[in-house]
DNA sequence: TGAAATGCGACCGAATTGATCCGAATTGGG
DNA sequence: CCCAATTCGGATCAATTCGGTCGCATTTCA
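Protein chains in written order, with this note's numbering: chain C, 1 to 140; chain R, 1 to 140.
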């Protein structure tokens, strides 16, 4: 019942990107420096985020990352799903096969739980996070 | 974003216990046979469940397990917390220390997400699960 | 065209999880 | 009152996954 550190980092990185992506591109190294996440790990996360279509990566010198969608259109659920795959609390739902199949009276209740969790994550948009605490780094 | 198999098993075991605990005690081995979970694993889960106060264990010959509370008073959240510890999506909340401390603009949003998740889990009681699909398996 | 910077992919180590085994405690029967 | 069977409890060991690191192909600016 705990999402992986990668997903946590991904949210931080996305927030940092939203904050710095005012008008240009940001490099993964720069984001790593900004967030304190190890550079290679940040690159790995950025790769997944790009593959998921949340970030747009520009190759070559002077390139970098930028949000593929406006910050208001990106939610925690999107980021978590990009890193961790579909939001399903149990493997049963994905594979459709419980190791203990039986009647599995629990199965009918998972969809509603999953939906609730996803809703909770979807309720928080990236714009909200970025605006919450710019802290000392107030940008004009 | 996926709870451990142990927690999943725990829910199945609790449901089976609620179903078979009509008037007596059930052995861990019997529950394992009923649910299809490996016996040693079932014992391990039962231990944690007992330690958490959800099950009452009776030692000795003819002993076994029984629900410590009525099924209606036990929710998924209780079981998950018994196995996985407190429901916190990120380690930051527990430890109070992010590896990337910075401003951590994400932190203020976690409590509401955690509460929503916990609420979703607490909304499903063990009685509901046990009543959903008794021993018989309807045609699908 | 050349060189530098960047993102991308694969490899390796560490940690948590999951499964197994053995020992201690308790009760029922003789 | 003693013995034995059955049970839970804890400790140990292997496996899968996650996290971190390194090297390379690609792409752009000079």
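Where a beta carbon is used, it is the ideal one built from N, C-alpha and C, also for glycine.
Which listed residue (the options) has its alpha carbon closest to that of residue i
i: residue 20 (chain C); options: C:66, C:86, C:50; result: C:66
i: residue 9 (chain C); options: C:112, C:83, C:104, C:123; result: C:83
i: residue 55 (chain C); options: C:43, C:62, C:113; result: C:43
i: residue 78 (chain R); options: R:28, R:121, R:30, R:116; result: R:121
i: residue 41 (chain C); options: C:127, C:119, C:110, C:7; result: C:7
i: residue 46 (chain C); options: C:61, C:62, C:26, C:115; result: C:26
i: residue 128 (chain R); options: C:128, C:105, C:124; result: C:105
i: residue 126 (chain R); options: R:71, R:117, R:30, R:29; result: R:71
i: residue 171 (chain C); options: C:62, C:57, C:116, C:63; result: The structure shown does not extend to residue 171 (chain C), since chain C is modelled only from 1 to 140, so the question has no answer here.
i: residue 49 (chain C); options: C:110, C:131, C:11; result: C:11
i: residue 61 (chain R); options: R:28, R:39, R:119, R:110; result: R:28
i: residue 109 (chain C); options: R:5, R:111, R:130, R:110; result: R:130
i: residue 63 (chain R); options: R:118, R:30, R:35; result: R:30
Cβ distance (whole Å) where residue i is taken to contact residue j below 8 Å
i: residue 87 (chain C); j: residue 80 (chain C); result: 7 Å
i: residue 3 (chain C); j: residue 33 (chain R); result: Actually they are not in contact, since the Cβ atoms of residue 3 (chain C) and residue 33 (chain R) sit about 34 Å apart, beyond 8 Å.
i: residue 113 (chain C); j: residue 113 (chain R); result: Contact flag wrong, Cβ pair sits at about 14 Å.
i: residue 116 (chain C); j: residue 116 (chain R); result: 7 Å
Extent of the continuous beta strand (DSSP E) run through residue i
i: residue 56 (chain R); result: 55-58
Where the alpha helix (DSSP H) containing residue i begins and where it ends
i: residue 64 (chain R); result: Looking at the DSSP string, residue 64 (chain R) is not in any alpha helix (DSSP H); the run it does join, the beta strand (DSSP E), is 64-67.
i: residue 117 (chain C); result: 110-122
i: residue 20 (chain C); result: 5-20
i: residue 77 (chain C); result: 76-84
query: So, do the region 10-19 of chain C and the region 7-22 of chain R have three or more beta carbon pairs nearer to each other than 8 Å?
result: no
- prompt: Which parts of the region 22-48 of chain R are runs of the alpha helix (DSSP H), unbroken and 4 residues or longer, counting only runs that do not cross its ends?
  reply: 28-35
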